[in-house]
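Visitor: After the structure tokens below, expect a handful of questions from me.
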Amino acid sequence: MITQLTRPNVEFTACADADPEIFHDDVLAPTAKQLCAGCPLAEACRTQARNSGEWGTWGGETSAERAAAGYPPVGWTGRGYTRFTHPCGTPAAYQRHMRAGETACEPCKQAESVRAGEQRARRRLRRKNNPARTK
Ligand code: SF4
Ligand SMILES: [Zn+2]
């Protein structure tokens, strides 16, 4: 996924609270596919990604699978597995800094804080809509 907010109806999807990197890294695609398999929006999500040339796993479909279906991601080289590395200033790049044991750069810190704020807002909304829920 490019950002979580580009996903349809993100509040209700399985990927809303997942680590975005799961959807960006083809090595982690099996995990992403499991999340998508239980998602009510999988078909719409897959169509959206096909039509906008997205990278990563959307609606259970990886970059390579979209390319094979005739909807290559923007910049697809046609050489099978290609790792797309998100640039600094994205939550995925922030996660990469963390995994490497680095201190995140400022653009990445900002992107992560925006993402975390959006996640908190979604959780607040869910609590408001369903007071019995504690998470
Ligand atoms: S199909 Fe997958 S990527 Fe798309 S919204 Fe659902 S969980 Fe997220
Ligand atoms: Zn960075």
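Numbered according to our numbering, the sequence shown spans residues -14 to 120. Note that CB positions come from ideal geometry on N, CA and C, so glycine has one too.
1. For Arg109, does the count of other Cβ atoms within 10 angstroms reach 16, so buried, or fall short, so exposed?
2. State whether the stretch 81 to 91 contacts the stretch 53 to 63, with contact taken as three or more CB pairs (one from each stretch) at a distance under 8 Å.
3. Given the structure, does Trp43 come close to ligand 1, in the sense that its CB is under 7 Å from one of the ligand's heavy atoms?
4. Counting only the same chain and skipping the five closest in sequence on each side, list residues whose C-beta sits under 6 Å from that of Glu46.
5. Is it the case that the CB of Thr70 approaches a heavy atom of ligand 1 more closely than 7 Å?
6. Quick one: is the Cβ of His9 within less than 7 Å of any heavy atom of ligand 2?
7. Using 10 angstroms around the beta-carbon of Pro15, count the other beta-carbons present and answer buried if the total reaches 16, otherwise exposed.
8. Can you tell me whether Glu46 is helix, strand or coil according to DSSP?
9. Alpha carbon to alpha carbon, what distance is there between Gln19 and Gly60?
10. Let me know if Glu28 comes out buried or exposed under the rule of 16 or more other beta-carbons within 10 Å of its beta-carbon.
11. Considering only heavy atoms of ligand 2, does any lie closer than 7 Å to the CB of Pro92?
12. In this structure, how does DSSP classify Leu26 when only helix, strand and coil are distinguished?
13. Closest to Thr75 by CA distance: which of His9, Cys24, Thr62, Asn114 is it?
14. Measuring alpha carbon to alpha carbon, tell me which of Gly63, Cys24, Gly44 ends up nearest Gln33.
Guide: From the atom records:
1. The residue is exposed, with fewer than 16 neighbouring Cβ atoms inside 10 Å.
2. Touching, no.
3. Flag set: Cβ of Trp43 near ligand 1.
4. Cβ neighbours of Glu46 beyond the five flanking positions: Arg31.
5. No, the beta carbon of Thr70 sits no closer than 7 Å to any heavy atom of ligand 1.
6. Result no, Cβ not under 7 Å from ligand 2.
7. It is exposed - the Cβ of Pro15 has fewer than 16 other Cβ atoms within 10 Å.
8. Annotated three-state conformation of Glu46 is strand, per DSSP.
9. A direct Cα-to-Cα measurement between Gly60 and Gln19 gives close to 26 Å.
10. Exposure of Glu28 is indicated by the presence of fewer than 16 other C-beta atoms within 10 angstroms of its C-beta.
11. At least one heavy atom of ligand 2 is nearer than 7 Å to the Cβ of Pro92, so yes.
12. In the three-state reduction of the DSSP assignment, Leu26 falls in the coil class.
13. Nearest C-alpha to Thr75: His9.
14. For the residues Gly63, Cys24, Gly44, the minimum Cα distance to Gln33 belongs to Gly44.
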